[in-house]
Amino acid sequence: MSTQEVKLPKFKLASRLTKQEDTIIKIKGQHVGGHHLTVIAGPCAIENEYQMISTARAVKSAGATMLRGGAYKPRTSPYSFQGLEEEGLKLLKKAGELVDLPTVSEVISTETFDIVEKYVDVMQIGARNMQNFTLLKRAGKTNKPILLKRGMSATIEELLMAAEYIMSEGNPNIILCERGIRTFETYTRNTLDLSAVLAVRELSHLPIIVDPSHATGKHNMIQPLAKAAVITGAHGLMIEVHYQPEIALCDGPQSLEPEAFELLMDDINHLRDYNSQMLNIKSK
Ligand code: PEP
Ligand code: MN
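Residue 19 is where the sequence shown starts when you use the working numbering, and the numbers rise one by one after that.
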């Protein structure tokens, strides 16, 4: 075995050793990765036209660069709202076109992959499916970028191996997402692992964004942790926003009202220099 072979990590295609320069993904005029700061915002679940369009308008005017909304929701309870499915995807597409933002929505099964693929610009694979290998392989066959969230008990290496599954099937466009991991702590929904941002940027050329909404489950923690993520050198954020969180059908307690999201965007804009500095340090 040569020295080079010994040094190569298991995630060959995702590794920074294989490709030194950051991967930059182009999505409808937006760039993700490198020096670009992406902010994906929108409701946890698409609920109706008014909710989706008013939220889309609000996040766009505050400066979000992509619009999110779940149509197939992986819920802990089978009695919870499961999402509007294809009807929801149509609303998300309409809202995205109206405000000229690319859209992100989760795909939870291979059976519904084609439907989600038809309507959205970026397909999300959520924490619960990070090691659904059949789904990962199917994601490797699409030409749409994949937003791959870290499993709730997954190591950083397992996250990168999940990305490797997608890449080895032919899709190089993956955005990784740190969304908190499960620890012994119960005060917050999960524990945000910001060191994962630094580790992933060291180990991989793929972009990594941070989702403080699912990491904490608490709206009052979103703004400080979003700022911390930006200063740490994340390539972006994913934030849940709802026009009226008290009536949200999913994840209301962690959703920001549009006004709070606007304030968060102001804060983020003031931190762009720190973010660039961190990204410069890493790419050297
Ligand atoms: C989501 O983003 O809507 C979601 C369900 O997130 P996670 O997979 O991180 O729990
Ligand atoms: Mn959610």
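Positions of the beta carbon are idealized from the N, C-alpha and C atoms, including for glycine. Note that the structure is predicted; figures quoted are calculated from it, not measured.
Start-to-end residues for the alpha helix (DSSP H) that takes in residue i
i	result
Lys91	Lys91 -> no alpha helix (DSSP H), and no H or E assigned at all.
Thr234	Pro230 to Thr234
Thr152	Phe151 to Ala157
Gln241	Ile240 to Thr250
Leu224	Counting along the chain, Leu224 falls outside any alpha helix (DSSP H), and DSSP gives it neither H nor E.
Start and end residues, beta strand (DSSP E) containing residue i
i	result
His49	Gln48 to Val50
Glu187	No beta strand (DSSP E) holds Glu187; DSSP gives it neither H nor E.
Lys167	Ile164 to Lys167
Glu258	Gly254 to Glu258
Val57	Thr56 to Gly60
Burial state of residue i, where buried means 16 or more other Cβ atoms lie within 10 Å
i	result
Ser79	exposed
Thr21	Bear in mind that the predicted position of Thr21 carries a pLDDT of just 49, short of 50, making it unreliable; the figure below should be weighed with that in mind. Result: exposed.
His288	exposed
Asn66	exposed
Gln69	buried
Ser231	buried
Ile227	buried
Gln150	Per the sequence presented here, residue 150 reads as Asn, with Gln not at that position. Classification of Asn150: buried, given that the 10 Å Cβ count is 16 or more.
Tyr205	exposed
Asn298	exposed
Pro225	buried
Leu166	buried
Glu124	buried
Residue nearest to residue i in terms of C-alpha spacing, selected from the options
i	options	result
Val122	Glu277, Cys195 and Glu182	Cys195
Tyr292	Gln272, Leu281, Glu280 and Ala247	Ala247
Tyr183	Ile133, Thr160, Ala214 and Val134	Thr160
Asp132	Leu153, Gly198, Leu119 and Ser33	Leu153
His253	Thr56, Gly81, Thr94 and Leu107	Thr56
Leu102	Met283, Cys268 and Asn147	Cys268
Q: Run through the segment 67-127 for me and flag every whole alpha helix (DSSP H) of 4 or more residues, listed as ranges in chain order.
A: 67-80 and 104-117, all fully within the segment 67-127.
Q: Inspect the CB distances between the segment 256-269 and the segment 54-63 and report whether three or more fall short of 8 Å.
A: At 8 Å Cβ cutoff, the stretches touch.
(Q) For the segment 232-242 against the segment 171-181, do three or more pairs of beta-carbon atoms, one drawn from each stretch, fall closer than 8 Å, so that the two count as touching? (A) The segment 232-242, when compared against the segment 171-181, does not touch it at the 8 Å Cβ threshold.
Q) For the segment 267-275 against the segment 212-224, are there 3 or more C-beta pairs whose distance is under 8 Å? A) The segment 267-275, when compared against the segment 212-224, does not touch it at the 8 Å Cβ threshold.
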